[in-house]
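Accompanying notes for the structure given below.
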Ligand code: HEM
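In my numbering, the protein residues as written are 115 to 591.
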């Protein structure tokens, strides 16, 4: 039972929430900054499913109790916004894009963008995803060493650019890659010290960040202008952003920029890192890999994957769901209570930061036995149905659920499936990745080192593929 504080007369008194005291002045701030994921996981083991500590000047509540998670995401979502401190961090990059937005402005933007993620639109991107993955595999040489994380970053950016802007980024790929790297670096800095740095601040890092933002703005502006001149819906997300209207008309040019920037951001590293962890988990669980291979070989008989094949590849989907439980790319997200709230058995005051970690919920042994074990078999329909709401939230939930969830799940199944069909999923001998929890959970600078080993008779290499048109051909007419 979850109720607002004003209507709680008949409820028992709230349960006390254990406090991590930490430093006498700074509370848990430094513990959290030093190694946030480790701190969080250890503290949940020590204090239970809800605990509180001071981070900077605010009280942060860390929550992995499914009932409370579900109340935050779903039942009480309208009383809970994105934290001011997080908005401040995103502001210079994403402006008022969908991720940091709230209230009526978020509602309007969400309504305008939603149709761009309709299943028929998303399904039309499948051939591009398959084709770009095949291009990547064909560019590899048997026996060479590659950083799989880097390969995925490039591939997913190419997919987002094609599906968002219907452009191959042929002229801009260098600019966009460099700009994205610089912006990500600046964001990590901001996350560690969330005091906004003004644009004029003369540090080298800040200058690089300003240059990167200007470069991205330039690319986006040019593409928006070109699309307006063409005045034609080409079936991509860009068309949705540029041509969508409601009773207030279309969105402002600034809002278009913010949404497009947000979609590039939300849609590329998340997917790249999820695939990187799926690769790692399959490489280190050979029986599971063999099962996934057998499913693909039996179902497709060496044919390339299309959107229609995905319902016939349940084990592939289970592998990804299990990866998202075990090592979720978005390992933490946060909200701020707009009023005093009673959620589940607990009381949270107005202004409380409510942090939910999909990494911590996925490790909760109450709902996932032997949680460190990578076991896709957990994800049968029946066991999913038994799982309480709020126990598994890699894409958040409720009104603020990831808008790109279907897009991402399709893209990841096509990419991972194509890879399993064509190459041996492995790690370089003796390689162990690092686990770095900053904006997203990633393997850090050493990446995910692998050795290219093609499988015999692989469809991409034998050229035994059904050629399907890319989205521009489907929609340009
Ligand atoms: C494995 C890949 C992905 C994961 C794990 C993921 C996860 C998430 C999570 C947890 C949120 C909520 C964040 C918060 O509330 O602070 C979110 C929001 C969002 N995601 Fe994703 N995401 C993924 C891929 C994508 C893709 C491919 C796109 C777009 C092409 C996308 C677009 C968005 C947008 C627009 C939002 C904001 C939704 C709103 O607040 O209305 N995401 N995502």
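Glycine included, C-beta positions come from ideal geometry on N, C-alpha and C.
Give the DSSP-derived three-state secondary structure of residue i in the structure shown.
{"i": "residue 464", "result": "coil"}
{"i": "residue 228", "result": "helix"}
{"i": "residue 524", "result": "helix"}
{"i": "residue 175", "result": "strand"}
{"i": "residue 497", "result": "helix"}
{"i": "residue 504", "result": "coil"}
{"i": "residue 125", "result": "coil"}
{"i": "residue 562", "result": "coil"}
{"i": "residue 195", "result": "strand"}
{"i": "residue 471", "result": "coil"}
{"i": "residue 487", "result": "coil"}
{"i": "residue 482", "result": "coil"}
{"i": "residue 533", "result": "helix"}
{"i": "residue 317", "result": "coil"}
{"i": "residue 237", "result": "helix"}
{"i": "residue 542", "result": "coil"}
{"i": "residue 455", "result": "strand"}
{"i": "residue 382", "result": "helix"}
{"i": "residue 190", "result": "coil"}
{"i": "residue 362", "result": "coil"}
{"i": "residue 555", "result": "strand"}
{"i": "residue 592", "result": "Residue 592 is absent from the model: the chain starts at 115 and stops at 591."}
{"i": "residue 510", "result": "strand"}
{"i": "residue 260", "result": "strand"}
{"i": "residue 400", "result": "helix"}
{"i": "residue 449", "result": "strand"}
{"i": "residue 137", "result": "strand"}
{"i": "residue 167", "result": "strand"}
{"i": "residue 550", "result": "strand"}
Pull up the distance between the alpha-carbon of residue i and that of residue j, whole angstroms please.
{"i": "residue 141", "j": "residue 541", "result": "40 Å"}
{"i": "residue 429", "j": "residue 337", "result": "39 Å"}
{"i": "residue 275", "j": "residue 476", "result": "31 Å"}
{"i": "residue 384", "j": "residue 443", "result": "6 Å"}
{"i": "residue 240", "j": "residue 537", "result": "20 Å"}
{"i": "residue 126", "j": "residue 480", "result": "24 Å"}
{"i": "residue 474", "j": "residue 357", "result": "41 Å"}
{"i": "residue 163", "j": "residue 176", "result": "8 Å"}
{"i": "residue 266", "j": "residue 128", "result": "46 Å"}
{"i": "residue 530", "j": "residue 136", "result": "42 Å"}
{"i": "residue 185", "j": "residue 399", "result": "35 Å"}
{"i": "residue 360", "j": "residue 204", "result": "26 Å"}
{"i": "residue 315", "j": "residue 208", "result": "19 Å"}
{"i": "residue 402", "j": "residue 490", "result": "8 Å"}
{"i": "residue 279", "j": "residue 254", "result": "27 Å"}
{"i": "residue 390", "j": "residue 158", "result": "26 Å"}
{"i": "residue 248", "j": "residue 527", "result": "14 Å"}
{"i": "residue 300", "j": "residue 560", "result": "19 Å"}
{"i": "residue 524", "j": "residue 424", "result": "8 Å"}
{"i": "residue 499", "j": "residue 181", "result": "15 Å"}
{"i": "residue 488", "j": "residue 365", "result": "44 Å"}
{"i": "residue 223", "j": "residue 349", "result": "19 Å"}
{"i": "residue 206", "j": "residue 456", "result": "34 Å"}
{"i": "residue 150", "j": "residue 551", "result": "7 Å"}
{"i": "residue 369", "j": "residue 486", "result": "42 Å"}
{"i": "residue 154", "j": "residue 192", "result": "26 Å"}
{"i": "residue 229", "j": "residue 347", "result": "13 Å"}
Can you tell me whether residue i is buried or exposed? The criterion is at least 16 other CB atoms within 10 Å of its CB, across all chains shown.
{"i": "residue 171", "result": "exposed"}
{"i": "residue 174", "result": "buried"}
{"i": "residue 471", "result": "buried"}
{"i": "residue 259", "result": "exposed"}
{"i": "residue 130", "result": "exposed"}
{"i": "residue 576", "result": "exposed"}
{"i": "residue 277", "result": "buried"}
{"i": "residue 409", "result": "buried"}
{"i": "residue 232", "result": "exposed"}
{"i": "residue 197", "result": "buried"}
{"i": "residue 132", "result": "exposed"}
{"i": "residue 439", "result": "buried"}
{"i": "residue 484", "result": "exposed"}
{"i": "residue 270", "result": "buried"}
{"i": "residue 562", "result": "buried"}
{"i": "residue 234", "result": "exposed"}
{"i": "residue 522", "result": "buried"}
{"i": "residue 138", "result": "exposed"}
{"i": "residue 345", "result": "exposed"}
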